[in-house]
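Following: one structure in structure tokens, then a few remarks.
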Amino acid sequence: MSLAERMKMFQGGGGGGAGGEEQVGGSGGTAGLGARPASGVKRTWGAPTASVSDSIAKIASNDSSLLTVDFSNSATFQMRSDELTEKLSQALSANTHLTELSLVNCNIGQIGCESLGRALSKNASLKTLNLEKNCVNPEGASALALGLAGNKGLLTLNLMNQKNCRWGDKCLDDFLAMFQTNTSLIKILWRLESRKSFALNKMITRNNEIERRKKCGMTFNDLLPSSLQDPNAPPPPPPAS
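Going by this note's numbering, 504 is the number at position 239 of the sequence shown; the sequence numbering is gapless.
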């Protein structure tokens, strides 16, 4: 196809999808490849397109080739945020292949976080969840913490740049309680203005050390919360001299 023909297709509304949904490029194990925050929706010439609903359907079908999904800045998602987040969360609950999900600037608020929290309590494959530039409030973050209490897979959670939000002590207490059963989350991106940040950083440091020892084949039973420790586990390694 010539460049002139491609430009004609673009000017004729190539960004519109079936049923009025925008379509976004996706390839190489990525569906719903949305925008980087500063550059609008990324489109790849010649690549297959997938609507938001198509991508959620792929997640629901547990497509083993689909590892990354990016709905960032999707106008479709912004307009139907609660509805699509619920459908996405239901799909995530039984998915065992997706490892990275980006929902930057998708107008996700408390209801969406409650849906995602339920999904996180069941999903074990997702490693990175990016919720930057949304409308997550303290109650929504607490719902995520409740789901993460039963999660064993997520490594990174991005909660930066929420609209008009300051995390309160109740929300941070919920995250501290979450770390009593969660030993896998090793990074939270957010801005805290509370003394509780020191206790939270301590829990993150603990989980990072657990992850390091796992990779080195070392025992980590001594680092676990007391309720999770195995009384028959071997003793911890001696301190370095």
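Yeah, the Cβ is synthetic: ideal placement off N, Cα and C, and Gly gets one too.
Source: prediction; values computed, not measured.
| Check | Outcome |
| --- | --- |
| Looking at C-alpha atoms only, which residue of N327, S449, L366, K398 is the closest neighbour of N360? | N327 |
| Within 10 Å of its beta-carbon, does T350 have 16 or more other beta-carbons around it, so buried, or fewer, so exposed? | buried |
| Indicate whether N416 and V369 have their beta-carbon atoms separated by less than 9 Å. | no |
| At which residues does the beta strand (DSSP E) containing K452 begin and terminate? | 452–454 |
| Does the segment 434–442 touch the segment 454–463, meaning 3 or more C-beta pairs lie closer than 8 Å? | yes |
| Contact defined as beta carbons within less than 8 Å: I believe L366 pairs with V334. What is the distance between those atoms, to the nearest angstrom? | 5 Å |
| With T411 and L381 assumed to form a contact (beta carbons below 8 Å), what rounded beta-carbon distance in angstroms separates them? | Strictly speaking, residue 411 in this sequence is Leu, with Thr absent from that position. Not quite, the Cβ-Cβ distance comes to about 11 Å (not below 8 Å), so this is no contact. |
| Taking DSSP's pairing of strands, which residues face D335 in a bridge? | S367 |
| Measure from the alpha carbon of T484 to the alpha carbon of each residue in S492, P500, T448, Q445, then state which is nearest. | P500 |
| Give the straight-line distance between the Cα atoms of Q445 and L394, rounded to the nearest whole angstrom. | 21 Å |
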